[in-house]
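A.B. asks:
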Amino acid sequence: VPHWFVFTPWGAAAFILFFVSGLVESNRTPFDVPEGESEIVAGHMTEYSGFKYATFFMAEYIGMFAISGLGVTLFLGGW
390 VPHWFVFTPW GAAAFILFFV SGLVESNRTP FDVPEGESEI VAGHMTEYSG FKYATFFMAE
450 YIGMFAISGL GVTLFLGGW
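Residue numbering for the sequence shown follows this note's numbering, beginning at 390 and increasing consecutively.
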């Protein structure tokens with residue numbers, strides 16, 4: 390715990406900013422506006438199926454894992 394940057398005042402502010410920007414980058418629930426209006430009924434991935442759908446789905450989750458890994462490295466002393 391002594392190497393965690395999250396418990397300092399500037400670290401807490403930086404972590405909140407990083408967390409919100411990570412949610413924006415991964416297009417999760419409060420910030421999923423690109424899929425909003427025109428795709429409200431069926432979602433933005435309706436035109437894909439099979440391998441293409443799986444590829445896009447896995448790419449989204451790989452991006453989320455990368456953002457999580459960066460957050461752990463920067464704020465929780467992950468190196």
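From the three backbone atoms N, C-alpha and C, an ideal C-beta is built for every residue, glycine too. What you are looking at is a predicted structure, and each value in this text was computed from that prediction instead of being measured.
Evaluate the contact criterion for the segment 391–400 versus the segment 439–452: three or more CB pairs, one atom per stretch, below 8 Å.
C.D. replies: Too few Cβ pairs lie closer than 8 Å, so no.
A.B. asks: Helix or strand or just coil, what does DSSP make of Ser497?
C.D. replies: In this structure the chain extends from 390 to 468, so residue 497 is not present and cannot be described.
A.B. asks: Name the two residues that bound the continuous alpha helix (DSSP H) containing Leu406.
C.D. replies: Run containing Leu406: 398–414, per the alpha helix (DSSP H) assignment.
A.B. asks: Using CA atoms only, rank isn't needed, just tell me which of Thr397, Ala402, Phe407, Ala443 is closest to Val461.
C.D. replies: Nearest of Thr397, Ala402, Phe407, Ala443 to Val461, Cα basis: Phe407.
A.B. asks: Tyr437 by DSSP, collapsed to three states: which one?
C.D. replies: In the structure shown, Tyr437 sits in coil (DSSP, three-state: anything other than H, G, I, E or B).
A.B. asks: Within 10 Å of its beta-carbon, does Phe464 have 16 or more other beta-carbons around it, so buried, or fewer, so exposed?
C.D. replies: Phe464 is buried by the Cβ-count criterion.
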